[in-house]
Each structure stands twice: as C-alpha cells, then as structure tokens.
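Okay, so the sequence shown: first residue is 275 according to the working numbering, each after it adds one.
Don't be surprised by glycine CBs; every beta carbon is placed ideally from N, CA and C.
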Amino acid sequence: MKIEGVELRWVGLPLVSPFRTSFGTETDREILLVRVLTTEGEGWGECVAMREPVYSSEYVDGAAQVIREFLLPLAHPDPWRTEQAFRPVHGHPMAKAALEAAILDAWLRARGMSFGEFLGAVRPAVPAGVSVGIMDSVPELLDAVGGYLDEGYLRIKLKIEPGWDTEPVRAVRERFPDILLQADANTAYTLRDAPRLARLDPFELLLIEQPLPEDDLAGHAELARRIRTPVCLDESITSARIAVDAITRGAASIVNVKPGRVGGFLEARRVHDVCAAHGVPVWCGGMLETGVGRAANVALAALPNFTLPGDTSASGRYYREDVTEPFVLEDGHLRVPEGPGLGVVPHEERLREFTLRKEYIPTHIPA
Ligand code: OSB
Ligand code: MG
Numbered sequence: 275m276k277i278e279g280v281e282l283r284w285v286g287l288p289l290v291s292p293f294r295t296s297f298g299t300e301t302d303r304e305i306l307l308v309r310v311l312t313t314e315g316e317g318w319g320e321c322v323a324m325r326e327p328v329y330s331s332e333y334v335d336g337a338a339q340v341i342r343e344f345l346l347p348l349a350h351p352d353p354w355r356t357e358q359a360f361r362p363v364h365g366h367p368m369a370k371a372a373l374e375a376a377i378l379d380a381w382l383r384a385r386g387m388s389f390g391e392f393l394g395a396v397r398p399a400v401p402a403g404v405s406v407g408i409m410d411s412v413p414e415l416l417d418a419v420g421g422y423l424d425e426g427y428l429r430i431k432l433k434i435e436p437g438w439d440t441e442p443v444r445a446v447r448e449r450f451p452d453i454l455l456q457a458d459a460n461t462a463y464t465l466r467d468a469p470r471l472a473r474l475d476p477f478e479l480l481l482i483e484q485p486l487p488e489d490d491l492a493g494h495a496e497l498a499r500r501i502r503t504p505v506c507l508d509e510s511i512t513s514a515r516i517a518v519d520a521i522t523r524g525a526a527s528i529v530n531v532k533p534g535r536v537g538g539f540l541e542a543r544r545v546h547d548v549c550a551a552h553g554v555p556v557w558c559g560g561m562l563e564t565g566v567g568r569a570a571n572v573a574l575a576a577l578p579n580f581t582l583p584g585d586t587s588a589s590g591r592y593y594r595e596d597v598t599e600p601f602v603l604e605d606g607h608l609r610v611p612e613g614p615g616l617g618v619v620p621h622e623e624r625l626r627e628f629t630l631r632k633e634y635i636p637t638h639i640p641a
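Spelled out as structure tokens, the structure:
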C-alpha cells in the first residue's frame with residue numbers, strides 16, 4: 275500500500291444549539307478532515323482540534339500546518355511505523371491522531387477489518403451519555419436535561435464553572451433523583467476551591483472531571499483526599515504513561531479517554547489497557563466530532579474497560595446534518611459500525627456542501 279496523496283479539508287458545520295463551557299461558547303464548528311489516498315483505497319481521519327487554542331494548545335490551522343510540514347514527511351502506510359516516526363515531533367497529539375487515524379482507516383479497509391475488530395471491541399453497541407453546556411438559567415438547563423433523558427440518553431454530564439456549580443447540580447439532582455450524573459469543570463477551579471467543590475458531595479455524582487489545571491496532578495491528588503466525589507481526568511491525560519502516573523499518585527480514580535488528546539487510537543488503546551491493569555474504569559470522551567471521528571470513538575468505547583457511558587452522543591445532538599450517515603440513538607445506545615475501517619464514509623454531496631476549503635498534497639510514500 276503506497277500513500278499517493280493527502281487531502282486536508284476544512285469543514286464548517288453549525289451546531290444545533292450553542293455549546294458553552296468554562297473556556298468559551300461554540301456555535302459554528304470548523305473541523306479539519308484528513309483523507310489519505312493510497313494505491314489500495316482511501317482512509318479518513320478527523321482532527322479534533324478546535325478553531326482556537328482554548329481546550330488545549332492545538333487549533334485547526336496550526337494542526338493543518340503541522341500535518342503538512344512535519345508529519346506527512348514522516349508518515350508510512352503502516353500505522354505503527356507512522357506512530358513511531360512521529361515521536362521526534364513534540365506535542366501536537368491531535369494533528370498526529372488525525373493523520374494516524376486516516377492511515378489506519380485505509381490500512382484496515384485494505385484488509386476488510388473494522389476499527390472495532392482491530393481495537394478489540396467486545397460489545398455490538400455502546401451506552402450513550404450527553405454533555406450539557408452551561409446555560410443562562412436553571413429552568414433552561416432542566417428543560418435541556420429533560421429533553422435528552424426523553425430521547426433516551428443514559429447519563430448526563432453538566433459543564434460547571436465557579437458560579438455555575440452547586441445550584442445547577444442540585445436542581446438537576448432534585449428533579450431527576452435516579453439518573454447517572456457527573457460534572458466537568460475543564461480546569462476552571464484551583465485547590466483553594468476544595469471546600470466549594472466538597473459542596474457537590476451530597477449529589478452522588480459519578481465523578482467530577484478535570485476540576486484543576488491540566489499540569490496539576492499533585493493538586494488533583496490533594497483534592498481527591500478532600501472531596502467524596504471521584505476525580506476523573508481529561509485534559510491532564512496526554513499519554514498512557516501519564517495515566518499511570520496520575521493513578522499511582524491518587525490524582526485520578528477514573529479516566530476520560532480521547533484519542534486526539536493522547537496522539538491516536540494506538541495510544542488510546544494503551545491508556546485503556548493500563549487503566550484496566552490498575553482497576554481504573556475509563557469512558558470515551560468527545561470533541562463534538564462529525565461521524566468520521568464518532569465512528570472510531572464508538573468502536574473504542576466498545577472495549578472491555580469502558581464501563582461508564584461516554585460523551586459519544588448521536589449525530590443529532592450536535593448537527594442537523596452530519597457528513598456521514600448519522601449515528602442514531604437506539605434504546606440509549608449507539609451501534610458500533612461493522613464495515614471495514616470506520617464503517618462509514620463522508621457523503622460526497624454533503625461534504626462538498628460543508629467544505630470551506632481544501633488542499634491536496636501529493637506524496638510518494640512507498641510501502
Ligand atoms: O471537556 O469533554 C470536554 C467538547 C469540546 C471540548 C472538550 C470537551 C467537550 C465536551 C463535549 O464535553 C463532548 C461531546 O459531546 O463531544
Ligand atoms: Mg472534559
């Protein structure tokens with residue numbers, strides 16, 4: 275299998291409703307898709323970097339630059355060789371993950387094997403949770419949560435920040451006493467807020483995700499001793515090695531796995547494996563992906579130690595029209611695609627409709 279070229283495609287998709295977090299509000303998404311063209315067919319990957327560097331240091335145009343200038347010259351048709359070849363490039367996990375995923379997709383399609391089979395999926399469908407943004411008022415939040423529960427979502431995650439925490443969490447817990455409920459702070463607190471975070475203890479949250487800055491493992495370990503809610507890490511977990519470090523220091527008792535954040539699906543599987551070895555449950559995070567990224571995430575979420583519902587929601591929670599066939603909720607679950615590779619492909623016409631710009635980079639990468 276020879277890689278003959280790579281297409282970078284900037285896609286613009288409006289969200290069905292604004293998504294507000296402690297780092298900003300998303301309304302119109304700009305997404306970078308990577309398509310590799312090989313002598314044995316093509317492969318697709320989604321870069322989960324956002325337009326601005328507010329979740330992590332990566333951003334769409336920066337990732338495109340890194341792929342074009344630094345990663346593509348190192349790429350290989352074999353996904354493991356590609357991963358190894360990327361090692362000298364520091365950081366940029368989302369750029370690496372996108373190109374690796376596209377190569378892996380082409381490699382799997384050429385072998386007639388699905389992502390699920392390749393990664394080691396043990397379930398035909400995965401339970402779906404939904405991540406609910408910060409709202410202007412508690413009644414508005416209760417309406418949104420009620421709507422998602424009516425649709426069948428099996429777990430609710432509330433975005434929180436100082437000033438939007440105890441009150442919304444209490445209101446949702448009082449209205450819906452029996453649901454699986456958790457909160458995500460996206461680094462919005464410091465250790466000085468420990469007493470205020472302890473006020474969430476009575477609400478029986480499954481976990482609190484990333485309360486403190488990403489480089490504060492010691493702080494998370496200390497916080498975990500001061501609150502009853504289990505501490506889960508997202509932004510901090512950038513590799514399997516850091517996952518082990520966080521777990522052994524007591525900074526995380528649950529881990530959110532995002533392939534883009536750890537540099538690819540091969541590393542994401544290792545994060546799953548080391549967490550399993552330490553008895554730490556994991557769940558699959560999300561970055562508001564299109565069907566391209568979602569297909570692979572859903573396959574990953576079918577691995578045995580993904581024992582909590584993920585942020586893998588149906589396409590309709592994000593987009594009126596997805597670029598692939600939409601993922602739909604069936605009894606609170608998303609089905610793991612079974613076809614070769616991702617098992618889905620972007621719909622040519624819709625893709626064209628949503629494409630902001632594209633760039634073709636010819637390559638001569640022999641097997
Ligand atoms: O912290 O999990 C996060 C979206 C963008 C960036 C960061 C996060 C999120 C979400 C939404 O919480 C997850 C999803 O539904 O894709
Ligand atoms: Mg998070």
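DSSP, reduced to helix, strand and coil, places ASP302 within a strand of the structure shown. Excluding sequence positions up to five before and after LYS532, its CB lies within less than 6 Å of the CB of GLY559, all in the same chain and listed in chain order. Out of VAL619, GLY565, ALA575, GLU604, the CA that lies nearest to the CA of ARG594 is found in GLY565. Each of TYR329, SER405, ASP458, ASN460, ASP508, GLY559, GLY560, MET561, LEU562, ASP585, SER587 has a C-beta closer than 6 Å to some heavy atom of the ligand OSB; these make up the full list, in chain order. At least one heavy atom of the ligand MG is found less than 6 Å from the C-beta of GLU483. Classified as exposed, TRP354 has fewer than 16 neighbouring CB atoms from the shown chains inside 10 Å of its CB.
For PRO578, same chain residues with a beta-carbon under 8 Å away, outside a window of 5 residues either side, are GLY394, VAL396, ALA550 in chain order.
Assigned with DSSP and collapsed to three states, VAL334 falls in helix. The residue from TRP381, SER331, PRO327 with its alpha-carbon nearest to that of LYS276 is TRP381. Nearest to GLU509 by alpha-carbon distance, out of GLU483, VAL518, ILE521, is GLU483.
The residue among VAL280, GLY279, TRP284, SER405 with its C-alpha nearest the C-alpha of THR629 is TRP284. Within 10 angstroms of the beta-carbon of ALA526 lie 16 or more other beta-carbons, which makes it buried.
Here ALA569 is actually not in contact with VAL548; their C-beta atoms are around 25 Å apart, not less than 8 Å. A Cβ-Cβ contact shorter than 7 Å links CYS321 with LEU306. Taking every protein chain shown into account, the CB of PRO442 has 16 or more other CB atoms within 10 angstroms, so this residue is buried.
Within the same chain, SER388, PHE389, GLY390, ALA569, VAL572, ALA573, GLY617, VAL618 come within 8 Å of PRO611 by CB-CB distance, once the 5 residues on both sides are set aside. Secondary structure at GLU278: strand, using DSSP grouped into helix, strand and coil. Between the alpha carbons of PRO487 and ILE511 lies a gap of roughly 12 Å. The segment 370–380 makes contact with the segment 343–358: 3 or more CB pairs, one atom from each, lie closer than 8 Å. With fewer than 16 other Cβ atoms inside 10 Å of its own Cβ, PRO436 counts as exposed. The count of Cβ pairs closer than 8 Å, one atom from the segment 631–640 and one from the segment 592–607, stays below three, leaving the stretches out of contact. With contacts defined as CB atoms closer than 7 Å, PRO583 and ARG429 qualify as a contacting pair. In the DSSP assignment, ALA573 is bridged to no other residue. The beta carbons of GLY524 and ALA495 sit about 4 Å from each other, so the pair counts as a contact at 8 Å.
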